[in-house]
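This report refers to the structure that appears directly beneath it.
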Amino acid sequence: LATPLFADLAGDARVSFEFFPPKTEKMEETLWESVQTLAPLGPRFVSVTYGAGGSTRERTHATVARIARETTIPAAAHLTCVDATREEIDAVAHEYWAAGVRHIVALRGDSPVAGQPFVSPVGGYENAAALVAGLRKLHPFEISVSAYPECHPDSPSEAADLDNLKRKLDAGATRAITQFFHEAETFFRFRDAAAKAGIDAEIVPGIMPVMNFGAVQRMSAMCGTVVPPWMGTLFDGLDDRPAARQLVSATIAAELCRRLYAGGVRDFHFYTLNRAELSYAICHLLGIRAQPALVAAQAA
Ligand code: FAD
Numbered sequence: 002l003a004t005p006l007f008a009d010l011a012g013d014a015r016v017s018f019e020f021f022p023p024k025t026e027k028m029e030e031t032l033w034e035s036v037q038t039l040a041p042l043g044p045r046f047v048s049v050t051y052g053a054g055g056s057t058r059e060r061t062h063a064t065v066a067r068i069a070r071e072t073t074i075p076a077a078a079h080l081t082c083v084d085a086t087r088e089e090i091d092a093v094a095h096e097y098w099a100a101g102v103r104h105i106v107a108l109r110g111d112s113p114v115a116g117q118p119f120v121s122p123v124g125g126y127e128n129a130a131a132l133v134a135g136l137r138k139l140h141p142f143e144i145s146v147s148a149y150p151e152c153h154p155d156s157p158s159e160a161a162d163l164d165n166l167k168r169k170l171d172a173g174a175t176r177a178i179t180q181f182f183h184e185a186e187t188f189f190r191f192r193d194a195a196a197k198a199g200i201d202a203e204i205v206p207g208i209m210p211v212m213n214f215g216a217v218q219r220m221s222a223m224c225g226t227v228v229p230p231w232m233g234t235l236f237d238g239l240d241d242r243p244a245a246r247q248l249v250s251a252t253i254a255a256e257l258c259r260r261l262y263a264g265g266v267r268d269f270h271f272y273t274l275n276r277a278e279l280s281y282a283i284c285h286l287l288g289i290r291a292q293p294a295l296v297a298a299q300a301a
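My numbering numbers the first residue of the sequence shown as 2 and each following residue consecutively.
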């Protein structure tokens, strides 16, 4: 209580932002406004997700290519192993390299049929570690992979999940970005366990600002993320009050980031859901400001 709120942040935090490829023109407009709002904050990179089963292959490519063309931010493309042969995935990776994309977020992905276990396609990459090794042979990409502070639901144990993370990093990934989680202690426990398992690569916490608490509850249940009871209490009664909900959401996410920062974290990855304002506000509280040169570049 002795320190004024957020005054302990030295402005040395670094951020990255994740978007998903838009389905409609209206969504494309929203996405593009969000990119333009967040770009002046000088993110290390922005990434664009890849839909289940390659369903967004063209849209992911178009979005990444547009970011690479129209902004100065390094763009990263997510790529999964679902429903594609090695040759098909390699061809997508070659296209990215040719378009100037140098960073891939390499993932296994999930079965396109909800609730079914992932089955490696014949002639395909069997998991993210195999994909990382495959990409390494193609081009000197920077590669990020996923990590799960609360263990991936398919994993038999936390130790097996950490082994899997280590395999991905040993295969040539540069960093891990985590699944979202709701309490700083969850991340610290995972960071300690990873260090004990001999993992010394950068582990960047994935931050999901809550836009819709019901949706976050459903997503959390699907990926095994614990929703602490205090969150329900804080969002209770705000269903019909979107503006108040945003303020509460920003407060919760900013407090999570502040705690992570106090524990030594300096890099944060935001799941923006293509909306800029919440992530912008949290970055602001983290001491990150729009850079005049980037504002000018964006205007140009
Ligand atoms: P992997 O790391 O390959 O492993 C998944 C699980 O299987 C782990 O539990 C692992 O322990 C186990 N496993 C893997 N190989 C073996 C083995 N040989 N033996 C035993 N166990 C093994 N999904 C999308 O569809 N598109 C996206 O763009 C996308 N982006 C994401 C970004 C981030 C930062 C994160 C955290 C997740 C993202 N996802 C995305 C979700 C992801 O695809 C799913 O969580 C998927 O179920 C697992 O993918 P993975 O790359 O983590 O898999």
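The beta carbon of each residue, even a glycine, is placed where N, CA and C say it ideally should be.
Can you look up residue i in the DSSP assignment and give me helix, strand or coil?
| i | result |
| --- | --- |
| TYR272 | strand |
| ALA177 | strand |
| LEU10 | coil |
| THR234 | helix |
| SER145 | strand |
| ALA47 | Rather than Ala, the amino acid found at residue 47 in this sequence is Val. VAL47 falls in the strand class under three-state DSSP. |
| GLU1 | Within the shown structure, residues of the chain are numbered from 2 to 301, placing residue 1 beyond reach of any answer. |
| PHE18 | strand |
| LEU166 | helix |
| ALA277 | coil |
| GLY207 | strand |
| ALA160 | helix |
| LEU80 | strand |
| HIS285 | helix |
| ALA202 | coil |
| VAL114 | coil |
| VAL102 | coil |
| LEU239 | coil |
| ALA172 | coil |
Measure the Cβ-Cβ separation of residue i and residue j and say whether it is below 7 Å.
| i | j | result |
| --- | --- | --- |
| ALA291 | PRO75 | no |
| VAL49 | PHE20 | yes |
| HIS104 | ALA77 | yes |
| ALA198 | VAL146 | no |
| MET212 | PHE181 | no |
| ARG267 | ALA185 | no |
| PHE269 | VAL16 | yes |
| ARG168 | TYR126 | no |
| ASP84 | PRO122 | yes |
| THR179 | GLY207 | yes |
| ILE204 | ALA177 | yes |
| ALA66 | VAL133 | no |
| ALA277 | SER112 | no |
| TYR51 | LEU80 | yes |
| GLY12 | GLY288 | yes |
| CYS82 | GLY110 | yes |
| PHE7 | LEU235 | no |
| ALA148 | LEU166 | yes |
Between residue i and the ligand FAD, is the CB less than 6 Å from at least one heavy atom?
| i | result |
| --- | --- |
| SER147 | yes |
| THR73 | no |
| GLN303 | With the chain covering 2 to 301 only, the question about residue 303 has no answer from this structure. |
| SER121 | no |
| LEU274 | no |
| TYR51 | yes |
| ILE144 | no |
| LEU279 | no |
| HIS153 | yes |
| ALA85 | no |
| ASP171 | no |
| ASP201 | no |
| ARG103 | no |
Looking at the C-beta of residue i, does it have a partner C-beta in chain B at a distance below 7 Å?
| i | result |
| --- | --- |
| PRO22 | The displayed structure is made up of one protein chain only, and chain B is not part of it. |
Less than 6 Å separating the Cβ of residue i from some heavy atom of the ligand HEM?
| i | result |
| --- | --- |
| THR175 | Looking for the ligand HEM in the displayed structure turns up nothing; the ligands present are the ligand FAD. |
Open item on the list: Measuring CB atoms only, is the stretch 107 to 124 touching the stretch 156 to 164, in the sense that at least three cross pairs come out at less than 8 Å?
Closed with: no
Open item on the list: Check whether the stretch 52 to 69 and the stretch 291 to 300 touch, using three or more Cβ-Cβ pairs below 8 Å as the test.
Closed with: no
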